[in-house]
Structures are given as structure tokens and as C-alpha cells.
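These notes are about the structure you will find just below.
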Amino acid sequence: MYLAIIGGTGLSQLDGMEEMRHQVVSTPYGEPSGPITVGRMGGQEILFLPRHGYNHRIAPHEINYRANIWALREMQVTKILAVSAVGGISATMTPGSLCVPDQIIDYTWGRPSTFFEGDLESVTHVDFSYPYDEQLRNAFLQAGAALSIPMIDGGTYGATQGPRFETAAEIRRLEQDGCHVVGMTGMPEAVLARESDIRYASLNVVGNWAAGRSGPRLVSMAEISQTLRVSMKDVRRVLGQILQHQE
Ligand code: HPA
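According to numbering that gives the first Met the number 0, the sequence shown is numbered sequentially starting from 0.
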């Protein structure tokens, strides 16, 4: 039984983890984003997988989410802590802040998003009312509290298709729908974990104001990278703290 960390933009490497080996796992769905790193952190053996690949080369809509989750399950993973960069939609989601979302709205399309298809014995519909695992959400929140790193408890993550950023009108629509943050990778990752009986929670790192949220300013990857560089230091501390206290 392992805990895995899935890193997003700004977290393709997990400093602080002592790497032991890289495990290549092949799956019925093809290749995962890379070999899975088996390492040690906070006195525990953990697994790490950067969803965009170790060189950050795989675009959000081209990530093989099914292979990633399948490979982690093959390696006996029962818990996933995911980290992902997002744009801030609501006023509290200022760049640099950390949010532990509790809901998702999925706007992605055309991504293979289930394991339950094809020649099935019976059709399976998983419950997804509460997409994130509450205990793992609390692990993030408690680690933040212990380290005095502020975290926003709850929020709705709007998953968009990308790889382009949204239009200002799309962001207005997401806000009307109730989204607080927007990102491109939260789905189908979360539901595939649920289908695999793997507990899953996500830590969102706000890298920028979403389109149209800071007047005429455009969304720039350079600005996002700059913000993430700073915030990921906190994220690494949070992950270290959790690993020291998880059994
Ligand atoms: N939109 C979608 N995904 C993102 C954004 C954004 O503004 N920022 C970081 N990931």
C-alpha cells in the first residue's frame, strides 16, 4: 500500500525525496507519463509521477490519464495526493494562494475518461458526488495549519480542455456555474482514481488570474512559472509535513 504524489506544472521533480529507483510500467492503455519514481520522503516509501512527464512535454489534453492511474494501481497505490496549477476566478483566489478544492465541474471533451467501457460484464456507474477524499483533503489542510501556510478550504475546480487558456467570457461562464478556480488536468484524473478505488485529493496552486480577471492583462505562461516557482516551495514543505505524519 503506497501513497503517490502526482506533480503538475512546476512540480516535475520532488526535491526532498530520496530517489531509489524508476519503475517502467506498461498498461493496457499505453505508456504512463514516465517511469514511476520510487523514493523515500519523511521516512516513508512513496511513489512520484509528474503528469506532464519529467521534462514537462505532455500537453494536458494528451496526458494518458488512464495509463497513469492504471500504473499507480498496479504498484499498489491506495492514496494519491495531486498537485496542480490553476487560474484564479473568484476574488479570494489570488495568484500565489493554495486551495484544496472540494468539487469539480468537468468541461473537458474527447478525453478517454473511464475504465468501464468495451466488453464489460456489467455497466458500472461510480458515485462521484464528492470527488475528493475528505481525509486526504484534511491532510493538506492540517499540514498547512501546522506550517502556518494559508490554504483555502474548499472550492469548485473547473476542468477545461486546453491547451489554450480560456476566453474572458468562458471564465465568466465558469464563475456563473460556480467555479472558483480553473485548470486543465483535474479531469479525468480524479474520476479514474475513483473508479480504481484509490483515494484522491488535490492541492491547487493559483498561478495567475484567470482570463479577464485582471483587466486587459493577458494570461502569460512566464508569469505563471514565476508565481509557481515561489509557491512550490510551500507545496514541497506541505508534502513533507504530510508524509511525516501519515502512517
Ligand atoms: N486556465 C486553465 N488552466 C490553468 C490556468 C488558467 O488560467 N492557470 C494555470 N492552469
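Glycine is no exception: its CB is placed at the ideal position from the N, C-alpha and C atoms.
Between the CA atoms of residue j and residue i - distance to the nearest angstrom
i: ARG228; j: GLY117; result: 42 Å
i: GLN141; j: SER201; result: 14 Å
i: HIS21; j: LEU46; result: 9 Å
i: GLU194; j: ALA168; result: 33 Å
i: GLY247; j: GLN243; result: Only positions 0 to 246 of the chain appear in this structure, which leaves residue 247 out of reach.
i: THR8; j: PRO59; result: 10 Å
i: GLU30; j: ILE57; result: 12 Å
i: TYR131; j: ALA70; result: 20 Å
i: GLU249; j: SER112; result: Since the first and last residues shown for the chain are 0 and 246, residue 249 lies out of range.
i: ALA145; j: TYR199; result: 21 Å
i: VAL237; j: ASP176; result: 30 Å
i: ARG171; j: GLY86; result: 13 Å
i: GLY161; j: PHE127; result: 23 Å
i: SER25; j: ARG50; result: 16 Å
i: MET13; j: PRO94; result: One point to set straight first is that residue 13 is Leu, not Met, in the sequence displayed. When rounded, the distance between both Cα atoms is 22 Å.
i: ILE148; j: PRO27; result: 40 Å
i: TRP208; j: ILE88; result: 7 Å
i: MET183; j: ARG163; result: 9 Å
i: GLN225; j: MET231; result: 10 Å
i: LEU173; j: MET19; result: 42 Å
i: ARG72; j: GLU165; result: 33 Å
i: VAL23; j: MET74; result: 11 Å
i: GLY253; j: GLY15; result: With the chain represented from 0 up to 246, any question about residue 253 goes unanswered, as that position is not in the structure.
i: ASN249; j: ALA3; result: Residue 249 lies beyond the stretch modelled for the chain, which goes from 0 to 246, so this question has no answer here.
i: ASP101; j: LEU119; result: 31 Å
i: MET220; j: ASN137; result: 30 Å
i: ALA90; j: THR159; result: 20 Å
i: GLY42; j: ILE68; result: 24 Å
i: TYR129; j: CYS178; result: 15 Å
i: GLU222; j: ARG235; result: 20 Å
i: VAL125; j: ARG65; result: 16 Å
i: LEU10; j: GLY185; result: 15 Å
Whole-number beta carbon distance between residue j and residue i, since they are thought to touch under 8 Å
i: ASN63; j: SER96; result: Not a contact, Cβ separation roughly 30 Å.
i: VAL181; j: GLY206; result: So it is not a contact: roughly 11 Å between Cβ atoms.
i: VAL76; j: ILE197; result: 6 Å
i: VAL122; j: PHE115; result: 7 Å
i: VAL99; j: PHE139; result: 5 Å
i: ILE5; j: LEU48; result: 5 Å
Pairing CB atoms from the segment 91-109 with CB atoms from the segment 37-49, are three or more of them under 8 Å?
no
Check whether the segment 214-224 touches the segment 145-158, taking contact to mean three or more Cβ pairs, one atom from each stretch, closer than 8 Å.
no
Using a strict less-than 6 Å threshold between each residue's beta carbon and the heavy atoms of the ligand HPA, what residues do you get?
ALA84, VAL85, GLY86, THR159, PHE164, GLU165, VAL181, GLY182, MET183, GLY206, ASN207, ALA209, VAL218 and ILE223
Three or more C-beta pairs below 8 Å linking the segment 79-95 and the segment 182-193:
yes
At 3 residues or longer, and completely inside the segment 74-156: list those beta strand (DSSP E) runs for me, N to C.
76-87, 97-99 and 102-105
For the segment 220-244, which segments carrying the beta strand (DSSP E) assignment without a break, of at least 3 residues, lie completely within its bounds, in sequence order?
none
As an exercise, report each continuous alpha helix (DSSP H) stretch of at least 4 residues that is fully enclosed by the segment 18-77, in chain order.
64-73
Counting only runs of 3+ residues fully inside the segment 151-194, write out the beta strand (DSSP E) ranges in chain order.
155-158 and 180-182
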